[in-house]
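Residue numbers for the sequence shown follow the numbering used here, beginning at -11 and rising by one. Positions of the beta carbon are idealized from the N, C-alpha and C atoms, including for glycine.
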Amino acid sequence: MQSSYNPSCAVYPTSAQDVSTALQAIRAAKSRFAIKAAGHNPNTFYSSVNAGVLIDLNQMTTRTYDASTTLGTYEPGGQFGDIYNYFQQYGRTVVGARLAGVGTGLALGGGLSYLSPQYGMACDSFRELEVVLPSGQIVTASPTQNQDLFFADRGGGGNAYGVVTKYTVQTRPSGTFYAGNIIYVFEQTNAVLNAIHNFLVYNTDPKASIIGTYEYLGAPSGGSLQLDQAVIMFLVYDGPDAGNAFANFTSIPYLVNTLGQKTYPEVVNMPVPLSTEASRGDNIFRVQVHRVNDTSYSKALQVWSAWCEANKGSYSLSSLEYQPIPKSLTDASNSQNGGNAMQMPSGPWFWLNFLISTPPGISNASYNAIQASFRNMVNSVPNAAGLPLFINDANHDQNALSTFSTYKKLQAIKKKYDPDNFFATYTGGWSFA
Ligand SMILES: Cc1cc2nc3c(=O)[nH]c(=O)nc-3n(C[C@H](O)[C@H](O)[C@H](O)COP(=O)(O)OP(=O)(O)OC[C@H]3O[C@@H](n4cnc5c(N)ncnc54)[C@H](O)[C@@H]3O)c2cc1C
-11 MQSSYNPSCA VYPTSAQDVS TALQAIRAAK SRFAIKAAGH NPNTFYSSVN
39 AGVLIDLNQM TTRTYDASTT LGTYEPGGQF GDIYNYFQQY GRTVVGARLA
89 GVGTGLALGG GLSYLSPQYG MACDSFRELE VVLPSGQIVT ASPTQNQDLF
139 FADRGGGGNA YGVVTKYTVQ TRPSGTFYAG NIIYVFEQTN AVLNAIHNFL
189 VYNTDPKASI IGTYEYLGAP SGGSLQLDQA VIMFLVYDGP DAGNAFANFT
239 SIPYLVNTLG QKTYPEVVNM PVPLSTEASR GDNIFRVQVH RVNDTSYSKA
289 LQVWSAWCEA NKGSYSLSSL EYQPIPKSLT DASNSQNGGN AMQMPSGPWF
339 WLNFLISTPP GISNASYNAI QASFRNMVNS VPNAAGLPLF INDANHDQNA
389 LSTFSTYKKL QAIKKKYDPD NFFATYTGGW SFA
């Protein structure tokens, strides 16, 4: 996604010491740089650089598992699919991406997983981190060492406080899952939204997890069939039998249903990929946050659908994902290490991810116009007060960190670990200003 930028040089460290050496050389040269894990963040210069040094962590792929403690370690290279495959041999997994191809930078932004309703965000399972500070010093961040750094690195954003070169995490059991996609035609739009809402309000089984996605193609509708639209559910149950957990979804007439028993590596390679992965285009994310007890979450769908109709031809694909944040998730988060950098307010609430993918080769003027229009559409539905925007789904201009109740504390931690603004000046990332 960030592949259109051209670094003048790339380094491929294989150890924390290599990262330290690279950072000190970059500092001496006063060069711009970027830190890249798997490069999925769509914000400009977050993991890419023009005329600067790319620190590509992809060679750092050592993983270990200790059966006596059930703790695991992984380095930042590779994709979560590789990490899941490694731990699967022990009947274990880690809390990470819902798609195999996403990288470990996800966990530094919190990390929303199908397992999150049981175990919290990906970062909540961190037990210790090895971090190369902007000074080049290699330190440990844990509940007993550099606790402030350990706090900030659990959801307070990648590439702000240093480079994480090793994650020690609590692994989780990985047995047989019951999971799949259900695809509906556009007529079921409201019925599915009701089912998503009811799931978040009434489901009490944290082993059940869903994503509800609405898709619009920028191409013409195909007449009354409206083949340009689809509603796709991702349903995942941690266990071989989901009981009635998904009954509200299977009872709505559908086109396709792929529910069945799967391993966890199969769950993250669902037959229908998330639109973000499928489009492979120039993708931009935006995020909203809504509570369940007012109508703003459904207003978001109306406003987005109307925008997609009105702007046909200017985008290739747009999607809206409903990501439930149940109380079990926020309880699990807050019960580990005192909670993460978001200090997640008690669920239930929704994070909504808006995606726009633009056609290749459009002019700068058209690109800027359609992005501005998309931004205005998302901004037209106010977010719920007192809830954090999810930085993994946010656009840079949404200034998502400033919505955290802990923002002042994160600003102070940033200042402590990046005292001369080396990272703030020479690489991209979230603003602390
Ligand atoms: C197809 C797709 C699916 C997604 N699915 C999910 C999902 O299921 N759950 C979810 O929470 N999010 C999801 N996201 C959002 C995703 O979490 C973010 O885009 C995340 O930034 C991706 O991490 P990465 O390693 O792939 O990307 P990168 O762009 O390489 O890294 C992201 C940021 O973290 C920094 N960074 C990475 N590694 C380190 C490190 N070791 N030390 C310091 N800084 C570092 C980078 O500099 C960059 O700023 C998805 C995104 C896409 C495009």
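- Roughly how many angstroms lie between the CA atoms of Ile401 and Tyr155, to the nearest whole one? One C-alpha to the other measures close to 20 Å.
- What is the residue span of the alpha helix (DSSP H) that Tyr395 lies within? Counting along the chain, Tyr395 sits inside the alpha helix (DSSP H) bounded by residues 395 to 405.
- Item | Residue(s) in a DSSP beta bridge with Tyr155 | For Tyr155, the beta-bridge partners assigned by DSSP are Tyr62, Leu117.
- Message: Assess contact between the region 26 to 35 and the region 114 to 134, defined as three or more Cβ pairs (one per stretch) separated by less than 8 Å. Is contact present?
- Response: Too few Cβ pairs lie closer than 8 Å, so no.
- Query: Would the C-beta of Gly98 count as close to ligand 1, meaning under 7 Å from any of its heavy atoms?
  - Reply: Yes; taking the cut-off as 7 Å, the Cβ of Gly98 has a heavy atom of ligand 1 nearer than that.
- Is His28 near ligand 1, judged by its Cβ being under 7 Å from some heavy atom? Checking the Cβ of His28 against ligand 1 gives yes.
- Query: Counting only runs that start and end within the region 4 to 49, where is the beta strand (DSSP E) found for 3 or more residues in a row?
  - Reply: With a minimum length of 3 residues, the continuous beta strand (DSSP E) runs that stay inside the region 4 to 49 are 21 to 24, 41 to 44.
- Item | DSSP three-state assignment for Gly93, whether helix, strand or coil | The three-state reading of DSSP puts Gly93 in helix, counting H, G and I together.
- Opening and closing residue of the alpha helix (DSSP H) in which Asn380 lies: For Asn380, there is no enclosing alpha helix (DSSP H), since its DSSP letter is neither H nor E.
- Could you name the residues of the same chain whose beta carbon sits closer than 6 Å to that of Phe342, not counting the 5 residues immediately before and after it, in chain order? Excluding residues within five positions, the ones whose Cβ falls inside 6 Å are Arg274, Leu308, Val366.
- Item | Beta-carbon contacts of Ala329 that lie in its chain and below 7 Å, excluding the five residues immediately before and after | So the qualifying residues of the chain are Phe139, Ala140, Arg142, Gly143, Gly144, Phe392, Thr394, Leu398.
- Query: Touching or not, the region 87 to 102 and the region 356 to 374, by the rule of three or more beta carbon pairs under 8 Å?
  - Reply: In short, these stretches do not touch, since the Cβ pair count stays below three.
- Task: Leaving out five residues on either side along the sequence, give the residues of the same chain with a beta carbon under 6 Å from the beta carbon of Met332.
- Result: So the list reads Thr318, Ser321, once near-sequence residues are dropped.
- Item | Gln311: first and last residue of the uninterrupted beta strand (DSSP E) it sits in | Here the beta strand (DSSP E) through Gln311 covers 305 to 313.
- Query: Is it right to say Pro241 is buried, meaning 16 or more other beta carbons lie within 10 angstroms of its own, or is it exposed?
  - Reply: Answer is exposed; the Cβ neighbour count stays below 16.
- Query: Is the CB-CB distance between Met109 and Leu117 below 8 Å?
  - Reply: No.
- Classify Arg363 as helix, strand or coil using the three-state DSSP reduction. Arg363: helix per DSSP, three-state reduction.
- Task: Less than 8 Å between the CB atoms is what I'm expecting for Arg86 and Tyr102, so what's the real figure, rounded?
- Result: Cβ atoms of Arg86 and Tyr102 come within 8 Å of each other, at about 5 Å.
- Item | C-beta atoms of Ile171 and Leu243 nearer than 8 Å | Going by beta carbons, Ile171 and Leu243 fall inside the 8 Å limit.
- Alpha-carbon to alpha-carbon, Ala421 and Ala16: Roughly 25 Å between the two C-alpha positions.
- Message: Contact defined as beta carbons within less than 8 Å: I believe Leu340 pairs with His278. What is the distance between those atoms, to the nearest angstrom?
- Response: About 7 Å; that satisfies the 8 Å criterion.
- Would you say Gly417 touches ligand 2, meaning its beta carbon is less than 7 Å from a heavy atom? Questions concerning ligand 2 fall outside what the structure shown contains, since the ligands it does hold are ligand 1.
- Task: Using alpha carbons as the reference points, say which of Val37, Tyr149, Phe33, Thr57 lies closest to Pro407.
- Result: Minimum Cα distance to Pro407 is reached at Tyr149.
- Message: Given this structure, state the Cα-to-Cα distance separating Ile71 from Ile358, to the nearest angstrom.
- Response: Annotation: Ile71 to Ile358 spans about 37 Å, alpha carbon to alpha carbon.
- Task: Tell me whether the beta-carbon of Tyr310 lies closer than 8 Å to the beta-carbon of Leu247.
- Result: No, these two residues do not count as a Cβ contact at 8 Å.
- Cβ-heavy atom distance, Tyr34 to ligand 1, below 7 Å: Yes, ligand 1 has a heavy atom inside 7 Å of this Cβ.
- Straight-line Cα distance separating Gln324 from Ser3: One C-alpha to the other measures close to 29 Å.
- Task: Please say whether Gly301 and Gly206 have beta carbons closer to each other than 8 Å?
- Result: Less than 8 Å separates the beta-carbon of Gly206 from that of Gly301.
- Task: Could you tell me whether any non-hydrogen atom of ligand 1 is closer than 7 Å to the CB of Asn257?
- Result: Every heavy atom of ligand 1 is 7 Å or more from the Cβ of Asn257, so no.
- Task: Within its chain, find whatever has a CB closer than 6 Å to the CB of Asn245; leave out the 5 residues flanking it on each side and keep chain order.
- Result: When the five nearest sequence neighbours on each side are left out, the beta carbons in the same chain lying within less than 6 Å of the beta carbon of Asn245 are those of Ile170, in order along the chain.
- Item | Own chain, CB closer than 6 Å to Arg268, minus 5 neighbours either side, in chain order | For Arg268, the predicted structure reports a pLDDT of 46, less than 50, and the residue's modelled location is therefore unreliable. A value from the coordinates is still provided. So the list is empty, once near-sequence residues are dropped.
- In the DSSP assignment, find the beta strand (DSSP E) that holds Trp339 and state where it starts and stops. Here the beta strand (DSSP E) through Trp339 covers 337 to 346.
- For Pro253, three-class secondary structure by DSSP: When secondary structure is reduced to three states using DSSP, Pro253 falls in the helix class.
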